Structures are given as C-alpha cells and as structure tokens.
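J.: My numbering puts the first residue of the first sequence at 976, with every later residue one more than the last.
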Amino acid sequence: MAWNISMPDGEWFTRETPGLEALVREVADTPVMAIDTETTGLNYMKDFPLYWSLSWERKGTPGHFRRVCLRADTLPAFAHVFKNPDREWSFVNAKYDMHMLFNAGFELKGKILDTSVMHSLLYEEERHDLDHMATSVLGWTWKDDFKTGFKTEGPKAFLQRLEQEDLPRLVEYASNDAYGTIFLRNKLKKELEGAPTWSLYPEMFSTLWDLFIKTESPFTRVLWKCERAGAFVDVNYLKSIEGPVTEELNKVEREIVRLVGRPINTNSRKQLMEYFFNQKGYQPLKMTKGGKSGIKEPAVDFDTLEYLVQKYNDPVAENMLTQRDLAKLKGTYVEGIQNSRDANGRVHTRFNQDVARTGRLSSSDINLQNIPRPDTDKFRIRRAFIPEERNNLIVADYEALEMRLLACAAMEQDMIQIFLDGKDIHMGNASLVFGLPYDDLKAAKKVDGEVKAGKRPESDMTDYYQRCLLARQHVKTIGFGLNYGMKENKLARDLKISKQEALNLMEKYMSRYPAVRHFYDSSIETVRRTGYAFTLLGRRRFLPEILSNQSDVRWRAERQASNVPIQGTAADVVKMAMIKCDEANLLDEFGAHMLIQVHDELMFECPEETTDQAKKVIQEVMEDSLPSKLAVPLKVSIGSGKSWMDAK
DNA sequence: TACGGCGGCGCG
DNA sequence: AAAGCGCGCCGCCGTA
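1. Would DSSP call Q1246 helix, strand or coil?
2. Using C-beta distances below 7 Å, list every residue in its chain close to R1365, excluding the 5 sequence neighbours before and after it, in chain order.
3. Please classify R1348 as buried or exposed, where buried requires at least 16 neighbouring CB atoms within 10 angstroms.
4. Would you kindly work out how many angstroms separate the C-alpha atoms of K1214 and Q1572, rounded to a whole number?
5. Identify, in the order they occur along the chain, each residue of the same chain with its Cβ nearer than 7 Å to the Cβ of E1272, setting aside the five sequence neighbours on each side.
6. Tell me which residue opens and which closes the alpha helix (DSSP H) that V1002 is part of.
7. Where does the unbroken alpha helix (DSSP H) through S1486 begin, and where does it stop?
8. Under the DSSP definition of a beta bridge, which residues are partnered with S1600?
9. Classify P1362: buried if its beta carbon has 16 or more other beta carbons within 10 angstroms, exposed otherwise.
10. Quick check: G1205 and H1074, are their CB atoms within less than 8 Å of each other?
11. Does the contact criterion of 3 or more C-beta pairs under 8 Å hold for the stretch 1424 to 1432 versus the stretch 1449 to 1465?
12. Can you tell me the Cβ-Cβ gap for W1173 and F1409, rounded? I've got them flagged as a contact below 8 Å.
13. Using a 10 Å radius around the Cβ and a threshold of 16 neighbouring Cβ atoms, would you call D1185 buried or exposed?
14. What's the C-alpha gap between T1127 and D1120?
15. I want to know whether the stretch 1504 to 1520 touches the stretch 1162 to 1173 - three or more CB-CB distances under 8 Å.
16. Cα-Cα, which of T1110, F1326, D1104 and R1229 is closest to R1203?
17. Label D1414 either buried or exposed according to how many other C-beta atoms from any shown protein chain fall within 10 Å of its C-beta, with 16 as the threshold for buried.
18. Between the Cα of I1157 and the Cα atoms of E1520, E1580, A1559 and R1042, which residue gives the shortest distance?
19. May I have the straight-line CA-CA distance separating R1033 from L1522, to the nearest angstrom?
20. Given this structure, state the Cα-to-Cα distance separating K1483 from L1411, to the nearest angstrom.
21. Determine the contact status of F1057 and M1553, defining contact as a CB-CB distance below 8 Å.
22. Could you tell me the boundaries of the alpha helix (DSSP H) in which M1295 lies?
23. Keeping to the same chain, check which residues put their C-beta closer than 8 Å to that of P1060; ignore five residues upstream and five downstream.
24. Tell me, please, whether the stretch 1395 to 1408 touches the stretch 1583 to 1601 by the rule of three or more beta-carbon pairs shorter than 8 Å.
25. Straight-line CA distance for V1426 to A1405?
26. So, with DSSP's three-state summary, where would you put G1506?
27. How many angstroms separate the CA atom of E1310 from the CA atom of I1346?
28. Taking Cβ to Cβ, would you say S1618 is nearer than 8 Å to R1358?
29. Quick one: complete beta strand (DSSP E) runs, 3+ long, within the stretch 1349 to 1377?
30. In terms of DSSP beta bridges, what is N1327 paired with?
31. Going by DSSP in three states, M916 sits in which element: helix, strand or coil?
32. So the beta strand (DSSP E) M1461 belongs to, where does it begin and stop?
33. Whole angstroms is fine: what's the gap from A1622's alpha carbon to L1283's?
34. Note down the Cα distance separating M1578 from T1586, rounded to an integer number of angstroms.
35. State the Cα-Cα distance for the pair M1020 and D1072, rounded to the nearest angstrom.
36. Would you check if the stretch 1132 to 1140 and the stretch 1372 to 1382 touch, i.e. whether three or more CB-CB distances between them fall below 8 Å?
Now the structure itself:
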C-alpha cells in the first residue's frame, strides 16, 4: 500500500481484459474523472504513455471510488470519451499528461482541472507536486519509493519490468496517483469555493473557484497549445553569429590574461575577486549576500566593474564588462537555443501556470521570456526567431500596461487624462511633474532620434532638449521604481544624482499625483487589514509578514503589497486576452497560432495572406479582453514580419 | 559524476 | 549592498 489510508483495490486492464468494454461504458458515463500517465520519460514532445490510470467516484454510490491502471494499448477504446467536450478531467500538472496523450494520438476536449494550479491559488508559497499536496491537503503520506528504480533503470525499463515481475506494485503506484488526484480535486474545489475574494467584477468573480474555473482552467489548454506549437528557430543565423561571438570572447579573454600576467578564468568570480581585491588591493564597492553561511565576500558584478573602471581606471575591469556580455550571450542564448531545438527546428518552452506569486506565467526549459532585447544586444538574438516559410510572425504589445492600470486603480485623473489624450505617458508625467510643455518633450525625443540617425546636426540637440529628455528618463525610472517600492538611495544611484535630489524628485512626483500615493498606501493598508493583496480579477496573495516585527521583513512585504495589485492585474489582463484569442478561433479563421507570451506581449505565427486580418482581430481582442472597459483604454501596438526583431 | 548553493544577469 | 517587484539559466565551486 502506498498511501497511509485504506482504499479500494487497484484494478488492472489491458486491451485483452474481458471487463474493458464495461469499463469504457462506465467511464463514458462518469463526467468527473482524474487521470494520470506513466511514461517513457519527461520530454513532452517525444515521450509517450506506457500505462495510464483513472480514478472516480462511482455513480449512484457516493463515497465509493474506483481506481484503475491500464496499459497504453487500451487508449484507443476510450477515443470517443476523450473527444467528448462535456466532461471534466483532473490532473496533477495537466499539460504534461495532455502532451503524453497527444503523443499517443489523443486530444482531450473536456474541461481541464489542474490540481497544481488549484493548489497554487490557495497556497502560493507551497510546492504543488502530488506528494506535498496529498500530505498537506489530505493528510496522506506516501510509503513506497519508486525514485531509485526510475533513476537506476530509467522509467521505461523500470515500469515494464514491474509489469512483468511485480504487477501489483505497478498497479498500486500508477492508480494511486489518480486516486490521490480525484480526492485533491474534490477537496481543493471545496476550498476554492469557500475562499472569498475581492474583485472588480463581484458578480463574476467572488470566490477563488470563480477565478479558477473561468480563467485558470481554460488558460491551461491555451498554454498547452503554445507549448505544442513551439517557436521556429533560424539555426543558420545562430550558427552565423556563433563564430564571431566566440572569437570576440576569446579575444577579450586573452587580453585579460595578458593584462593580469597569468592564466585566469574570467568566468570565476573567485579568481577575479582575488585579483582585484588582494593582488591589486582595490577597495570593494559592495559585498555579496552571503547566502546560508552568511559569509559575505566582495562582489564582482556589473556595478563593481563599472566602479573599478571609474575609480582606478582598471583595464581588466573594463574588459570584463565586455566578457560578461559575450559569455552570457554565448552560453545562454547562442548555444542554449540551439541545444533546445527539436527535430523540426522548433523550440518548445514550458509555460508554468503555478509558479509566480503574482499570477504571471513563468517560462522554463527553455526560457523564452528573457531573450535579449535587440536594442542592447549587438548580435540580435531575436533575429533567430522566425516563422516557417510563407508565414509571418505577429507581435502584439500592450503599451504601458502597468502604468495604465495604476492610473485606473488609483483613479488619478490627471494621469488618466494623459492616456485619454493618447499621449506618451512618460512625457505626460514629465510635463506635469516638471512643468515642461508636452510638445517640447515630444520635439526633444524626435530631434534626439534624428540626430542619432545622422539626419540632423548634433547642434540641433540643444541643452534644453537634453534637459527635456533627462526629465522624461527620470520620471520613467521613478514611475517603475515606485511600483517596486524603490527608495531614494537606489533611485539616486540609478539616475546618478544625489540622494537629496532623488528624494526631491520622488516627493515632487508623489505630490503631483496624490491619488497614486494614496493607492500605494491603501494597498498596504488592505494587506494589513485582510492579510491579502488582491488583483482585478480577485487573485489573492497572502502576505502575513506585513505584520512582522523585523523591519526588513515587514518592508519587503509592504513592497510586495503595493506591487501585486499592479503586476498581478496586468497578468490578469494578458491571461484573459490569451483565452479570448483562443476563443476567437484564429487557427480556423486565419491559420494563426499563438506561440509565446512575454508578460505584456504575445507572439503569433500566421500565413502571409491572412496576416493583416489576423492582426486586426488580435488587436481588438487584446484591447477588449476585460469584462468591462476601464477608466483608461488598453492600447495594443501590433506588428508583423519575418523575425521577432522585424515584427516589433 | 551529479547536485545544490551562489553570484551574476537576461527579460517584463 | 542598499527598503527594487516578478521570474529562470549559466558557470563555478563545494560536497556527496
């Protein structure tokens, strides 16, 4: 027995088992079912199910459950059940099993309930794997250990040996997962229904169950489709920059070794630390965090290198800045992306729905949400993401999404007006905060652009225009910084101004926008009062540390309290947009697939002929993704082209 | 040889 | 580093 509870016997089915037909009939007649697969491995595009299991509460006999383990050869007998849209499947980590079933030739059409996602809405600080959820939600503990077998023999050999040599153990193992899942589904559903929340649409979202079933549940399938599609990669382009990147990196590393006068591994912070602070005797700028041991050492990060260049004019530090850039580019992107390509030249990320505490997605294996931006990346990695022949990429961006949501949430009329007037928000803010004419700010940016493009003489960029540009930059940094709870010290460092100037700037900004100040204060107050920070659709984040006696712990919770409503609401908006794009049937209408989400940006692949039509629909759907209009319209800029770079 | 912690850094 | 939110991956290094 694997769980520490009494349970019905696990049943075993193969294609030849006489009871299979009756089982199929019962399953078809039971609309709520937990499902799990045992597979050949963890690669979701390549591996496939060897066994699978189901568990459900028997119709007409409440409290009586069945749990069955089936060999994969039984799957075809259930094909019509998988196709039925009017049923519900519960999983742990749903997308993975959906991929496995798809690899075996079956696409589930019913509702998808991922218990990991359900759990993440209630217990965002905990893990969402089956073992932990079963322990903490159900009080069940796992007794058998299969890890060693999987590890030493590999999943395929291990599972197939079990079928031959110890079938009961295989049946236990496999069917218990499904059994745990159906109990988790039932318990978590009750907990979600009993979890009140606060949203802008109380008639639609008043409990976490509303949030789950109306947004997260359909979202899972949307993400599954994105993962499945993958993004096509121009491997020739990556190969073409691999040489130059490597050459440049080697060159700068050789130069560093020459300057140091002995072999040094430029990737080793320890060796660099030794060189700068022992051999050269420089003063450290800052110390590292120290981690568990608490041992702090001099940092050798970007800030430090920049300071060593500034203060000591050190050529090694200067070269290290280049080395860092190139090493990151080469290892993480040029090589990393190539290594992730599948046989068709596409890369398939995992979009994690249960990781970010604010409700954002995360992307891993491969992370497609941190590909370098072309404006700072001289090797233009984004150029490597391309459509297949005769297709385009479409890239749609929410413009200033978080600022718009802040203006709405705070009901800051002057800021709202900037958006209603269709102005650039940072220029608008700079204009109001510093009393500069908006048109001058606009002209400054235009002239700056033209001077940089060589279309105008440098003398056109007057001191006044420089001041205008700087004002916009300062206000932009303040706006983002405030959202993260930044204080004057950090602002001063970022803007390279004095602490007092930074303090003055922030005060000026806040007193020009009193409603914004009040919004941040009241966000913190809400958490003090209720324990939770809320987003527009009612996602909650529990922040008990807001009452901590330790000021650093409490301050951190306060920063999170003021950030969650904005970052989390932005995540809500994009999530709704993705669901609506899916519902708009872009695939059938235009042959368009959603590929990637990068927080406020969506990427699609679309045939050339239908690109213009698809763009129009996508833009409309995204700008209109919420149940009702906000005080500020959401604006989406949309472009298309033959690479991620060109499409923006 | 594998793994986790850590520093460092890419993105929004 | 510091009162800057949310992520994931790389290489190094110490440990098993």
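For each residue, glycine too, the CB sits at the ideal point set by N, CA and C. None of these values were measured; they are calculated from a predicted model.
T.: With the given structure in hand:
1. helix
2. P1582 and E1583
3. exposed
4. 26 Å
5. M1248, M1262 and T1263
6. L995 to A1003
7. K1474 to R1487
8. Per DSSP, none; premise fails for S1600.
9. buried
10. no
11. no
12. Not really, about 37 Å apart at Cβ, beyond 8 Å.
13. buried
14. 13 Å
15. yes
16. F1326
17. exposed
18. R1042
19. 47 Å
20. 14 Å
21. no
22. P1290 to K1303
23. K1084 and G1085
24. no
25. 22 Å
26. coil
27. 13 Å
28. yes
29. 1366 to 1373
30. S1337
31. No answer is possible for residue 916: the residues shown for the chain start at 976 and end at 1623.
32. Counting along the chain, M1461 falls outside any beta strand (DSSP E), and DSSP gives it neither H nor E.
33. 39 Å
34. 12 Å
35. 11 Å
36. no
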